[in-house]
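Heads up: take any position in the sequence shown, counting from 1, add 2, and you land on the working numbering.
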Amino acid sequence: MKKMLAVVGLVLVTSSAHAMRITELNGRHVHLYPMKDGGAGFGRVKNVNLSYHNGPVIHQAKVVAIFWGPAATWGTVTAPSPLAQGIAGFFAQFGATPQYNVITQYYDVGGSVQRGLSSTYWIDNSTPPQNASDAVIQGEVIRAIGQVGLEANTVYEVFLPPASYASYGSATSCGGPSVQFCAYHSDFGYSGADVKYASMPYPSCGGCQWPGWTDAQNFEHFATHETREAVSDPDGNAWYDRQGNEADDKCAWSPAPFLVNGYGYQYEWSNLDGGCVQGR
């Protein structure tokens, strides 16, 4: 599909009509995961590999899952809910799977992404605003850092309850007035560090759900996508194709997402295979 460039407020938007890659004027990148009817997998340019653009990857990654909202959704730190336990269990095994191993082919000048992903979680039972803007998500990441620490190799992923929606500019996730995305990842500077994070709103609308899947499986599907992209293209200047699609964007929603051991996944682009694969 033809790329389009437009100055919108304080950002430059690059769109392939499927995924939306946003480059702010300060150079920060935000990459929105499209809804089901707009996935990059539909009509993507086939057999076009990712190119390396000289930026860093995360060699040995860690995830902190931040469950923000009421105990009715997430439980508490000492008694996490079944939903929180399910997502935490997904991360605990993800790094040892063929689904994660696919991205070990991507590298920077310091080496390749390594197999293995450490993880932990933090539950914050304060009430998030109904509209969790990008600034709000960053603020919650900073609060979590105060509890779990700041590490350069960590992706901090903020999971929202069903009463809240995420927004970036005028675009929103499920529950908002202008639903255009299901999740996103980016980075920001804090305390002298480059903080990688993801906004993980509740998959409460059809455009962000796979038929027959549980809420946990839909969350895991998006966590697969955002985590792999945050590791292989953390600052938006490492691995993507000529349309601006990152590895998971090229396979978003098509081929069909799938389950392994009850956990939700999507296909991943493999340069070594020249296409979308379940794992390696």
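For each residue, glycine too, the CB sits at the ideal point set by N, CA and C.
Computed from a prediction, not measured in an experiment: that's the story for all the values here.
Alpha-carbon to alpha-carbon, V197 and R30: Here residue 30 corresponds to residue number 28 of the sequence shown, with the count starting at 1. Here residue 197 corresponds to residue number 195 of the sequence shown, with the count starting at 1. The C-alpha of V197 is placed about 12 Å away from the C-alpha of R30.
Helix, strand or coil at H223 [DSSP, three-state]: Along the sequence shown, read from residue 1 onward, the residue named residue 223 stands at position 221. H223 sits in a helix when the DSSP states are folded into three classes.
In chain order, each alpha helix (DSSP H) run of at least 4 residues that lies wholly inside the stretch 47 to 98: Counting only runs of 4 or more, we get 73 to 76, 84 to 96.
Sequence-distant residues of its chain with Cβ nearer than 7 Å to G41 (five each side left out): In the sequence shown, the residue the question calls residue 41 occupies position 39. Confidence in G41 is poor, its pLDDT being 49 and thus under 50, which makes the residue's placement unreliable; the coordinate value appears in the next sentence. Same-chain partners within the cutoff: H20, A254, W255, S256.
Contact with chain B by D243, beta-carbon distance below 8 Å: The structure shown contains no chain B; it is built from a single protein chain.
E270: first and last residue of the uninterrupted beta strand (DSSP E) it sits in: As a working mapping, residue 270 is identified with position 268 in the sequence shown. Where E270 is concerned, the enclosing beta strand (DSSP E) starts and stops at 270 to 272.
Counted within 10 angstroms of its Cβ, other Cβ atoms place R230 as buried (16 or more) or exposed: Counting from one through the sequence shown, the residue named residue 230 turns up at place 228. Buried.
C-beta contact flag for V32 and S169 at 8 Å: The sequence position of residue 32 within the sequence shown is 30, counting from 1. The sequence position of residue 169 within the sequence shown is 167, counting from 1. 8 Å or more divides the Cβ of V32 from the Cβ of S169.
Spatial distance of P100 from C278 (CA atoms): Here residue 100 is taken as the residue at index 98 of the sequence shown, counted from 1. Here residue 278 is taken as the residue at index 276 of the sequence shown, counted from 1. Distance between the alpha carbons of P100 and C278: 13 Å.
Burial state of V262 (16 or more Cβ within 10 Å): As a working mapping, residue 262 is identified with position 260 in the sequence shown. Exposed, by the Cβ-count rule.
Close-in-space but distant-in-sequence residues of the same chain around T129 (CB under 8 Å, 5 per side omitted): For the purposes of this step, residue 129 is identified with residue 127 of the sequence shown, where counting begins at 1. Take T129, set aside five residues on each side of it, and the residues of its chain with a beta-carbon closer than 8 Å to its own are G71, P72, in chain order.
In DSSP terms, what T129 is bridged to: Counted from its first residue, the sequence shown places residue 129 at position 127. Partner(s): none; T129 has no beta bridge.
Simplified DSSP assignment, three categories, for S193: By one-based count along the sequence shown, residue 193 stands at place 191. It is coil, neither helix nor strand.
Exposed unless 16 or more other CB atoms sit within 10 angstroms - verdict on H223: Taking the sequence shown and counting its residues from 1, the one referred to as residue 223 is at position 221. H223 is buried by the Cβ-count criterion.
N-terminal and C-terminal residue of the alpha helix (DSSP H) that Y102 is part of: Within the sequence shown, numbered from 1, the residue matching residue 102 stands at position 100. In the DSSP annotation of this structure, the continuous segment of the alpha helix (DSSP H) that includes Y102 starts and ends at 100 to 103.
Reference P203, options S175, H227, A218, closest by Cα: As a working note, residue 203 is residue 201 in the sequence shown. That would be S175, whose Cα lies nearest to the Cα of P203.
Beta-ladder partner(s) of A168, from DSSP: Counting from 1 along the sequence shown, the entry for residue 168 is found at position 166. A134, per the DSSP bridge assignment.
Buried versus exposed, by CB contacts within 10 Å (16 or more), H55: As a working note, residue 55 is residue 53 in the sequence shown. Exposed, by the Cβ-count rule.
Cβ-based neighbour list, Q132, same chain, cut-off 6 Å, excluding 5 preceding and 5 following: Within the sequence shown, the letter at position 130 stands for residue 132. S166, listed in sequence order.
DSSP state of C253 mapped onto helix, strand, coil: The count along the sequence shown starts at 1 and reaches residue 253 at position 251. Reduced to three states, the DSSP call for C253 is helix.
7 Å Cβ shell around A137 - same chain, five flanking residues per side excluded: For the purposes of this step, residue 137 is identified with residue 135 of the sequence shown, where counting begins at 1. Cβ neighbours of A137 beyond the five flanking positions: none.
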